[in-house]
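Asker: In my numbering, the protein residues as written are 2 to 288. Where is the CB? At the ideal position from N, CA and C, for every residue including glycine.
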Ligand code: PAF
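Structure below.
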């Protein structure tokens, strides 16, 4: 079995053989877990993997356990041919696309939860979401056994929770978090942006604008009234027709504790529905 080239597989045995062959050649294994609908943000994760490893596995799995029954699992975008073409061009070695029944066979009943952090922010609105994320990510780590795994900072709470899981459970993987990739007008790239019509796409800019407003108030104007900055972010979003805010807060960048006074490292986090599309965005702010 030769690990070079480009392999697409749903077979765990084949994946393991390819990874083992690469390891035998002394290559480090990089992993980029995704749900597909790839965009330049995902490709920046592949680029990071290429800096840190010599063999790159990208997983595409629309993980049902992180969707609530009311959410968009069935209509989640699955442009598989385009995704595979992007992976081949980017120098991914293996795309692993398991079947749902391979990862969650009949009677599946084991879950991984990072307790406290999974209940706040996104967790308030999507109570079972992070249990699904941490469970599938640990399963993928066990399957691929990567040295390095790359995640985007766009999903700030997700990457914080994954890093905590890895620490708490002594998982032997180096988790690397890569910066959010934005469109030239500031919109954070997301697989869900394809749902935005032209008007909603324009409206959605209020998220990055509200985050930028918070950053300016704290780092340029020196405003230390974090509750007031939060209120200003909220006001900016509420003023935008077609936007329904779930939260717009400033939290401790490590613990995700919601703040009223400045800390050394903070993160402004927003979740809002723009038309029918729920978007999240964030910006790290140094106090
Ligand atoms: O960020 C995502 O695309 C997913 O939550 C992940 C990490 C691939 C787990 O399904």
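For residue 103, does the count of other Cβ atoms within 10 angstroms reach 16, so buried, or fall short, so exposed?
Answerer: It is exposed - the Cβ of residue 103 has fewer than 16 other Cβ atoms within 10 Å.
Asker: Going by C-alpha to C-alpha distance, which of 88, 22 and 14 sits closest to residue 50?
Answerer: When each option's Cα is compared against that of residue 50, the closest is 88.
Asker: For residue 205, which residues from the same chain have a beta carbon less than 7 angstroms from its beta carbon, with the 5 sequence-adjacent residues on both sides left out?
Answerer: Around residue 205: 188, 197, 275 and 280.
Asker: Does the count of Cβ pairs from the segment 63-78 and the segment 126-142 closer than 8 angstroms reach three?
Answerer: As far as the Cβ criterion goes, the segment 63-78 touches the segment 126-142, which means the pair count is three or higher.
Asker: For residue 265, collect the residues of the same chain with a Cβ closer than 6 angstroms to its Cβ; drop the 5 residues on either side in sequence, then sort them by chain order.
Answerer: Closer than 6 angstroms at Cβ, skipping near neighbours: 288.
Asker: At a threshold of 8 angstroms, does residue 64 count as lining the ligand PAF (C-beta to nearest heavy atom)?
Answerer: Yes, the Cβ of residue 64 comes within 8 angstroms of a heavy atom of the ligand PAF.
Asker: Going straight from the alpha carbon of residue 110 to that of residue 54, what length do you get?
Answerer: If you take the alpha carbons of residue 110 and residue 54, they lie about 33 angstroms apart.
Asker: Taking any heavy atom of the ligand PAF as the mark, which residues have a C-beta closer than 6 angstroms to it, listed down the chain?
Answerer: Listed by chain position, these are 34, 35, 36, 64, 67, 134, 137, 138, 156 and 159.
Asker: Let me make sure I understand the geometry here. Which of 15, 211 and 118 has the alpha-carbon closest to that of residue 144?
Answerer: The option with the nearest alpha carbon to residue 144 is 15.
Asker: Would the beta-carbon of residue 272 fall within 9 angstroms of that of residue 286?
Answerer: No, these two residues do not count as a Cβ contact at 9 angstroms.
Asker: Is any non-hydrogen atom of the ligand ATP found closer than 8 angstroms to the C-beta of residue 120, if you look at the structure I gave you?
Answerer: The ligand ATP is absent from the structure shown, which contains only the ligand PAF.
Asker: Does the Cβ of residue 150 have 16 or more other Cβ atoms within 10 Å, making it buried, or fewer, making it exposed?
Answerer: The residue in question, residue 150, is buried, as its Cβ has 16 or more Cβ neighbours within 10 Å.
Asker: Would you mind stating whether residue 44 and residue 91 have Cβ atoms separated by less than 9 angstroms?
Answerer: The answer is yes: Cβ separation under 9 angstroms.
Asker: Measuring CB atoms only, is the segment 238-246 touching the segment 153-168, in the sense that at least three cross pairs come out at less than 8 angstroms?
Answerer: Segments in contact, no.
Asker: Does the beta-carbon of residue 215 have 16 or more other beta-carbons within 10 angstroms, so that it is buried, or is it exposed?
Answerer: Burial call: buried.
Asker: Using 9 angstroms as the threshold, is the C-beta distance between residue 84 and residue 38 below it?
Answerer: Against a cut-off of 9 angstroms, the Cβ pair of residue 38 and residue 84 comes out as a contact.
Asker: From residue 172 to residue 113, what distance separates their C-alpha atoms?
Answerer: Spanning the two alpha carbons is a distance of roughly 13 angstroms.
Asker: Whole alpha helix (DSSP H) runs in the segment 29-108 with 4 or more residues, listed along the chain?
Answerer: With a minimum length of 4 residues, the continuous alpha helix (DSSP H) runs that stay inside the segment 29-108 are 41-53, 81-91 and 101-104.
Asker: Between the C-alpha atoms of residue 211 and residue 8, what's the straight-line distance to the nearest angstrom?
Answerer: When rounded, the distance between both Cα atoms is 42 angstroms.
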